[in-house]
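Just below is one structure, and these are the notes that go with it.
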Amino acid sequence: MVYVIYLNAKYKIMNLRIFNDFIEKFDKPGAIVLLEGKRNVKPGDEDKLIRVGKLLAENSIHITFRSGNAKGADELFTQGVCSVNPARMEVITPYTDHRKKTNHAGTTYALDKIDIVNEPQVIYQSKANKKNSGLIEQYASGATNTSAQKGAYIIRDTVKVIGTKDIPKATFGIFYIDTSEPESGGTGHTMMVCKNNGVMLITQTTWFHWLN
6 MVYVIYLNAK
16 YKIMNLRIFN
26 DFIEKFDKPG
36 AIVLLEGKRN
46 VKPGDEDKLI
56 RVGKLLAENS
66 IHITFRSGNA
76 KGADELFTQG
86 VCSVNPARME
96 VITPYTDHRK
106 KTNHAGTTYA
116 LDKIDIVNEP
126 QVIYQSKANK
136 KNSGLIEQYA
146 SGATNTSAQK
156 GAYIIRDTVK
166 VIGTKDIPKA
176 TFGIFYIDTS
186 EPESGGTGHT
196 MMVCKNNGVM
206 LITQTTWFHW
216 LN
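Position in the sequence shown counted from 1, then plus 5, gives you my numbering.
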């Protein structure tokens, strides 16, 4: 079976069910692979996320892995990578010391250390969903209320994909989604940003086959 990968919001076909095909294509110097997903992971799937993180780290040389340091899928993917080499894992957090006790990544970028006002594309793309526009504006203005804090998480998800002046753009995205609502929440936003910026992605519909 062939699976769809998104590129510039147009469907292109690539068969990545074979793990070695993925490694051959994407294990290049400078490659950054997102490991992302829902906070609510099905109990039967938890070990699969850890295993695929470990599998990726053990069988690649150049890839840097990136996540958002959230509970659930992010944490499980990261656990797998860090069991092999924490130095190849980086996280982008909404604020300094976010979930510090569970953050074992070699590199952490905190949003409150980034001059977001001078990152117009980050702001613009974070506002792509109109209902979030007010949250983004409040964070960018320096507000610290609850709405601004919610905005920080959205901006964090955008930065994970497109980067900043000092953080490189992602190369590829590996996602764990809610298959009944694949475009919901922060994971849905991150996938949308990938599609809008030519960052190819797959979900567990594909990468579960790597573990067979």
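Where is the CB? At the ideal position from N, CA and C, for every residue including glycine.
Quick one: what's got a C-beta closer than 6 angstroms to PHE177's C-beta in the same chain, skipping five residues either side? For the purposes of this step, residue 177 is taken as the residue at position 172 of the sequence shown. Beyond the five residues adjoining it in sequence on each side, PHE177 comes within less than 6 angstroms, by CB distance, of PHE31, VAL38 and MET205 in the same chain, given in chain order.
Does LYS132 get closer than 8 angstroms to chain D when you measure Cβ to Cβ? Absence of chain D from the displayed structure is noted, only one protein chain being present.
Return the CA-CA distance between THR184 and ASN134, expressed in angstroms with no decimal places. The residue you call residue 184 lines up with position 179 of the sequence shown. The residue you call residue 134 lines up with position 129 of the sequence shown. Counting only the Cα atoms, ASN134 lies some 21 angstroms from THR184.
If you reduce the DSSP assignment to three classes, tell me which class VAL41 lands in. Sequence index remark: in the sequence shown, residue 41 carries index 36 (1-based). Reading off the sequence shown, one finds Glu at residue 41, where the question assumed Val. GLU41: strand per DSSP, three-state reduction.
Any idea what DSSP makes of ILE28, helix, strand or coil? The sequence position of residue 28 within the sequence shown is 23, counting from 1. Helix at ILE28.
Which stretch, first to last residue, makes up the beta strand (DSSP E) that contains PHE180? Against the sequence shown, residue 180 aligns to sequence position 175. Residues 177-181.
Between the Cα of ARG71 and the Cα atoms of ILE121, GLY77 and ALA110, which residue gives the shortest distance? Locating residue 71 in the sequence shown gives position 66, where the first residue counts as 1. If you compare the alpha carbons of ILE121, GLY77 and ALA110 with that of ARG71, the shortest gap goes to ALA110.
Taking the alpha helix (DSSP H) that PHE82 falls in, what are its first and last residues? Taking the sequence shown and counting its residues from 1, one reaches residue 82 at position 77. Where PHE82 is concerned, the enclosing alpha helix (DSSP H) stretches over 78-87.
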